[in-house]
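Per my numbering, the sequence shown runs over residues 431 to 787.
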Amino acid sequence: PFLVTERVWQMLRNLRNLGIERIDGDLLLDDSWFEVAEHDPAAFDRQPLRAYNVAPNSLLMNFKVVRYWFEPVHDTNSVRVRVDPALRNLQIENKLTLVPGACRGYQRGIAITPNGGNDVMTLSGRFPAGCERYALDRTVLTHNDYVWGLVSGLWQQSGGSISGGWRKAVAPADEEPLLEFPSLSLAESIARINKHSNNVMARQLMYTLSAEVNGAPGTEEGGRQVILDWLAERGIDSARLVLDNGAGLSRRSRITARDMASLLTFAWQQPHMPEYLASMSLSGLDGTLRRRFRDATLAGKAHMKTGSLDHVTAVAGFLQARSGRRYAVVALHNHEDIHRGPGEEVQEALLRWLHEQ
């Protein structure tokens, strides 16, 4: 699930190094390895352009996201916009105005609006001149349009040519691939999921489990069943567990703190424990904990996965106490406005107390 721009570039360079210089005709895109139900990216929180709302797709590239860079141009009293990666099939309408003021405000006054679809994005609003540089990550295009824009652009940058457009197809099962480009290992993928709370990568993993264990196409329900079967085979009680889409971005998922702690304790006893531990954010140092628990008491003492939704906040992982003992720690908070600060305050108090035990 981590086929980001630089890895796509490397894959295409490998193809060029085989002596391939041109593609005659269309780029054929096969996304049949997953079967994904109709997805409304606005359904969860009415934020369809946010990266966390991207749907799984077996051809997912760069999380279907671009980064907009905004810079004031004082000489012309305008706002310069750069897009990374630059996609040949994405049009940007820059209607931003530069206004005096400090660099603050929600999205620094910028509104990003799809205009007739996700292939034309209108940027409007009043951008403060006090901003030196500002970035926003947002989704664009459909999955296949994104793949076409990224691959065709990088292919041409490498000196290759392509004469057609793109269309969907299914790769013949009896043909050997000219080039194989391996994904990251499971341990590397899980580290990126846990440290950065990457929802679409987590969802991709559940579909992949389904496809690998039961054969393509991978499905959400198939992935759920693989996980439940795995727990049952190891004698782990899942009666109170409710799995939804494989990620934390759900209002239906359920687990008790006791069951989560039991699962963490089980993981601690396994041979792959070091890889699992290293996949979590390190308090005060990296991932989603890089700005939390930064004082000398807790910095570097906890490996944890965080979670946050409106009215929900959670941490789960391991803490090394002053005594040298390791504790499995789980705190799951569901309460109105708990995400606005009180939840994190309770979690910090819990960790500080436990650190002294």
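Here a beta-carbon is modelled for each residue, glycine too, at the ideal position from N, C-alpha and C.
Since this is a predicted model, take the numbers as computed values, not measurements.
Check, Outcome
"Contiguous alpha helix (DSSP H) assignments of at least 4 residues, all confined to the stretch 700-760", "703-708"
"Sequence-distant residues of the same chain with beta carbon closer than 6 Å to residue 766, five excluded per side", "741"
"Rounded straight-line distance, which links the Cα of residue 776 to that of residue 800", "Past the boundaries of the shown model lies residue 800; the chain is included only from 431 to 787, so the question cannot be answered."
"Of the listed residues 685, 698, 613 and 588, nearest to residue 448 (C-alpha basis)", "588"
"Nonlocal neighbours in the same chain, by C-beta distance under 6 Å from residue 472, ignoring five residues either side", "478"
"contact_flag[the stretch 666-684, the stretch 459-470] where n(CB pairs < 8 Å) is 3 or more", "no"
"Close beta carbons around residue 580, own chain, < 8 Å, minus the five adjacent residues each side", "435, 438, 491, 492, 515 and 517"
"Three-state class that DSSP yields for residue 688 in the structure shown", "helix"
"DSSP-derived helix/strand/coil call for residue 466", "coil"
"Run of the beta strand (DSSP E) containing residue 556, from where it starts to where it stops", "550-558"
"Touch test, the stretch 704-712 against the stretch 752-772, Cβ-Cβ under 8 Å, three pairs minimum", "no"
"C-alpha distance - residue 538 paired with residue 495, whole-angstrom precision", "20 Å"
"Unbroken beta strand (DSSP E) run spanning residue 514, endpoints", "508-514"
"Proximal residues to residue 724 (C-beta, below 6 Å), its chain only, five neighbours per side dropped", "714"
"Member of 489, 510 and 641 whose CA lies at the smallest distance from the CA of residue 575", "489"
"Cβ-Cβ separation, residue 483 to residue 461 (assumed contact under 8 Å), whole Å", "The pair is not a contact, with the Cβ atoms about 19 Å apart (cut-off 8 Å)."
"Residue 549 versus residue 586 - alpha carbon distance", "20 Å"
"Span of the beta strand (DSSP E), counted from its first residue to its last, around residue 523", "521-529"
"DSSP three-state assignment for residue 476, whether helix, strand or coil", "coil"
"Residue range of the alpha helix (DSSP H) that includes residue 637", "629-644"
"Among 535, 685, 509 and 595, nearest to residue 761 - alpha-carbon criterion", "685"
"Cβ pair residue 523, residue 571 closer than 8 Å", "no"
"Between the CA atoms of residue 726 and residue 751 - distance to the nearest angstrom", "13 Å"
"CB-CB length for residue 604 against residue 481, believed under 8 Å", "At roughly 38 Å, the Cβ-Cβ gap does not stay under 8 Å, so residue 604 and residue 481 are not in contact."
"Residue 525 versus residue 459 - alpha carbon distance", "34 Å"
"Which of helix, strand or coil DSSP assigns to residue 569", "strand"
"8 Å contact criterion, which residue 674 and residue 683 should meet: CB distance rounded", "5 Å"
"C-beta contact flag for residue 636 and residue 618 at 8 Å", "no"
"First through last residue of the beta strand (DSSP E) which encompasses residue 618", "Careful: residue 618 lies outside any beta strand (DSSP E), inside the alpha helix (DSSP H) at 616-626."
"Pairwise C-alpha distance: residue 610 and residue 583", "21 Å"
"Cβ distance (whole Å) where residue 784 is taken to contact residue 759 below 8 Å", "7 Å"
"According to DSSP, residues forming a beta bridge with residue 498", "513 and 566"
"First and last residue of the uninterrupted alpha helix (DSSP H) at residue 793", "The shown model of the chain, from 431 to 787, leaves out residue 793, and the question about it has no answer."
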